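J.: Residues 30 to 242, numbered by the working numbering, are exactly what the sequence shown covers, in order. Handing you this structure, nothing more for now.
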Amino acid sequence: MRALIVRGGWAGHEPVAATDLFRGFLSDNGFAIRVADTLDAYAEPGDYQLIVQCWTGARFTPEQEKGLVERVRAGAGFAGWHGGIVATGYEAPDYQFMVGGRFVCHPGDFVDYTVEIAGEHPITAGLSDYAVHTEQYFMHVDPTLTVLATTTFTGAHGAPETAGAVLPVAWTRRFGAGRVFVHTLGHSPADLLVPPTRTMIERGLLWAAAGGA
Numbered sequence: 030m031r032a033l034i035v036r037g038g039w040a041g042h043e044p045v046a047a048t049d050l051f052r053g054f055l056s057d058n059g060f061a062i063r064v065a066d067t068l069d070a071y072a073e074p075g076d077y078q079l080i081v082q083c084w085t086g087a088r089f090t091p092e093q094e095k096g097l098v099e100r101v102r103a104g105a106g107f108a109g110w111h112g113g114i115v116a117t118g119y120e121a122p123d124y125q126f127m128v129g130g131r132f133v134c135h136p137g138d139f140v141d142y143t144v145e146i147a148g149e150h151p152i153t154a155g156l157s158d159y160a161v162h163t164e165q166y167f168m169h170v171d172p173t174l175t176v177l178a179t180t181t182f183t184g185a186h187g188a189p190e191t192a193g194a195v196l197p198v199a200w201t202r203r204f205g206a207g208r209v210f211v212h213t214l215g216h217s218p219a220d221l222l223v224p225p226t227r228t229m230i231e232r233g234l235l236w237a238a239a240g241g242a
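Here it is in structure tokens:
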């Protein structure tokens, strides 16, 4: 199996350190890994079972967007976390439709909140609700997502309009013959090392790579 890791963009999300956390896991699970520091990788030919993106603030060219979206629609898995997948490509409607959600704001910046496991899925099997201290992403999302975990906003931190809003923290979706996995935590490598978060992401990477199976 082959995996493509595309990383870059805003340095504050530490795309190199963040993706390096999962390279060993992917190698141990049989993936030959290519790492690209350019979005042009999406416009180049290549057969990948999994594409991992960590690129906050990407502005895709039409060729890059088309290459990525068509590859996933044809069966490649697409996965990522935090701003590297949902705070990027705002001007790219096909990308937004494929991912299924986009970042809007994080009231209060770093706050205490609970990640609530939702329903039953192999990615969340055996996991329970857990507390975190990080950015709580308020998202605009597609209503057809398969939601794996949620968070409830309190309306605090100067955002009373969010009170009671329950929004996805992690989700999957089918896109053509491909699979998409998103987790909204991961501002820093430390966030990705929180055991339930890391477990969900590792399982999500493998789930996405399974394609139409």
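Cβ coordinates follow ideal geometry from the N, Cα and C atoms, glycine included. None of the values given here were measured: they were computed from a predicted structure.
#1: Alpha carbon to alpha carbon, what distance is there between Thr85 and Ala61?
#2: Rounded to the nearest angstrom, what separates Leu234 and Gly106 at their Cα positions?
#3: Can you tell which of Gly53, Cys83, Phe54, Ala206 has the C-alpha that lies nearest to the C-alpha of Val45?
#4: Bridge partners for His135 per DSSP, in chain order?
#5: Taking contact to mean at least 3 C-beta pairs separated by less than 8 Å, is the region 175 to 184 in contact with the region 195 to 212?
#6: Where do the N-terminal and C-terminal ends of the alpha helix (DSSP H) with Gly59 fall, by residue?
#7: Does the Cβ-Cβ distance between Ala32 and Gln78 come in under 8 Å?
#8: Are the CB atoms of Thr226 and His212 nearer to each other than 8 Å?
#9: I'd like the list of long-range same chain contacts for Gly137, defined as Cβ closer than 7 Å, with 5 residues on each side in sequence excluded.
#10: Identify whether Met30 lies in helix, strand or coil by the three-state DSSP scheme.
#11: As a quick exercise: from Thr175, Val98, Leu55, His169, pick the residue whose alpha carbon is nearest that of Cys134.
#12: In whole angstroms, what is the alpha-carbon distance linking Leu55 and Thr191?
#13: Buried or exposed: Ala239, going by 16 or more other Cβ atoms within 10 Å of its Cβ?
#14: At least one CB of chain B closer than 8 Å to the CB of Asp123: is that the case?
#15: In chain order, what residues of the same chain have a beta carbon less than 8 Å from the beta carbon of Thr173, not counting five sequence neighbours either side?
#16: Decide if Leu222 is buried, meaning its Cβ has at least 16 other Cβ atoms within 10 Å, or exposed.
#17: Considering only residues of the region 144 to 211, which uninterrupted beta strand (DSSP E) runs meet the minimum length of 3 residues and lie entirely inside it, listed in chain order?
#18: Taking Arg100 as the reference, which of Arg208, Glu164, Ala147 has the closest Cα?
#19: Mark Gly113 as exposed unless 16 or more other C-beta atoms lie within 10 angstroms of its C-beta, in which case mark it buried.
#20: State the Cα-Cα distance for the pair Thr163 and Phe89, rounded to the nearest angstrom.
#21: Would you kindly report the start and end of the unbroken beta strand (DSSP E) that includes Phe126?
#22: Hey, Asp66 and Gly37: beta-carbon distance below 8 Å or not?
#23: Give every residue of the same chain whose Cβ lies closer than 7 Å to the Cβ of Pro218, excluding the five residues on either side of it in the sequence, and list them in chain order.
T.: In short:
#1: For this step, residue 61 is matched to residue 32 along the sequence shown. For this step, residue 85 is matched to residue 56 along the sequence shown. Rounded to whole angstroms, Ala61 to Thr85 spans 24 Å at the Cα level.
#2: If you number the sequence shown from 1, residue 234 lands on position 205. If you number the sequence shown from 1, residue 106 lands on position 77. Cα to Cα, the separation comes out at about 8 Å.
#3: One-based indexing of the sequence shown puts residue 45 at position 16. Val45 has its Cα closest to that of Cys83, out of Gly53, Cys83, Phe54, Ala206.
#4: Counted from its first residue, the sequence shown places residue 135 at position 106. For His135, which the question treats as bridged, DSSP gives no partner whatsoever.
#5: yes
#6: Taking the first residue of the sequence shown as position 1, residue 59 is located at position 30. First-last for Gly59: undefined, no H or E at that position.
#7: As a first step, residue 32 is located in the sequence shown; it is residue number 3 there, counting from the start. As a first step, residue 78 is located in the sequence shown; it is residue number 49 there, counting from the start. Going by C-beta atoms, Ala32 is nearer than 8 Å to Gln78.
#8: Looking up residue 226 in the sequence shown gives position 197. Looking up residue 212 in the sequence shown gives position 183. Yes.
#9: Taking the first residue of the sequence shown as 1, we reach residue 137 at position 108. Cβ within range, chain order: Ala185, His186.
#10: Here residue 30 refers to the residue found at position 1 when the sequence shown is read from its first residue. Correct three-state label for Met30: coil.
#11: Residue mapping note: residue 134 aligns to position 105 of the sequence shown, counting from 1. Cα-wise, what sits closest to Cys134 is His169.
#12: Locating residue 55 in the sequence shown gives position 26, counting from the first residue. Locating residue 191 in the sequence shown gives position 162, counting from the first residue. Roughly 37 Å separates the two Cα atoms.
#13: Reading the sequence shown from its first residue, position 210 is the one you call residue 239. It counts as exposed.
#14: Among the chains of the structure shown, chain B does not appear; only one protein chain is present.
#15: Residue 173 sits at position 144 when you count from the first residue of the sequence shown. So the qualifying residues of the chain are Gly129, Arg202.
#16: On the sequence shown, residue 222 is found 193 positions in, with the first residue counted as 1. The residue is exposed, with fewer than 16 neighbouring Cβ atoms inside 10 Å.
#17: 159 to 164, 167 to 170, 175 to 181, 195 to 204
#18: What you label residue 100 is simply residue 71 of the sequence shown in a count that begins at 1. Minimum Cα distance to Arg100 is reached at Arg208.
#19: The residue given as residue 113 occupies position 84 in the sequence shown. Counting Cβ neighbours within 10 Å, Gly113 comes out buried, since at least 16 surround it.
#20: Position 134 of the sequence shown, counting from 1, holds the residue named residue 163. Position 60 of the sequence shown, counting from 1, holds the residue named residue 89. Going from the Cα of Thr163 to the Cα of Phe89 covers about 28 Å.
#21: For the purposes of this step, residue 126 is identified with residue 97 of the sequence shown, where counting begins at 1. First-last for Phe126: 122 to 128, but that is the alpha helix (DSSP H), not the beta strand (DSSP E).
#22: Position 37 of the sequence shown holds residue 66. Position 8 of the sequence shown holds residue 37. Yes. Within cutoff.
#23: For this step, residue 218 is matched to residue 189 along the sequence shown. Glu43, Ala46, Ala47, Leu50, listed in sequence order.
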